[in-house]
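Take 19 as the starting number for the sequence shown in our numbering and just add one per residue. Where a beta carbon is used, it is the ideal one built from N, C-alpha and C, also for glycine. On a predicted model such as this, the values are computed, not experimentally measured, just so you know.
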Amino acid sequence: MLYVLIVLKIHDGGNASFPLLHNLTGSTYPGYVVSSTNQMYLNFISNHNVSTTGYYAWYLAVESE
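See below:
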């Protein structure tokens, strides 16, 4: 059996020490992800067995109230 690892970790700030917003695996769709800061840290992890396109993301910057 071939073990495939694809993980996307999304943190609420500029690096991995900020709180984790989402820990996504496989084809998980989180919907909207909103940061409490003006930064998000994305950490994409895969192993050598992965030969897929990965994740698709877009962002929208809005002014806080």
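A check of alpha carbon separations from tyrosine 74 across His29, Thr55, Gly49 and Glu81 identifies Gly49 as the nearest. Per DSSP, the unbroken beta strand (DSSP E) holding threonine 43 starts and ends at 38-43. Pairing asparagine 56 with lysine 27 gives a Cβ-Cβ distance that is not under 7 Å. For the options Val25, Ser54 and Ser35, the alpha carbon positioned closest to that of threonine 43 is the one of Val25. Shown here, serine 64 sits in a strand according to DSSP, grouped into three states.
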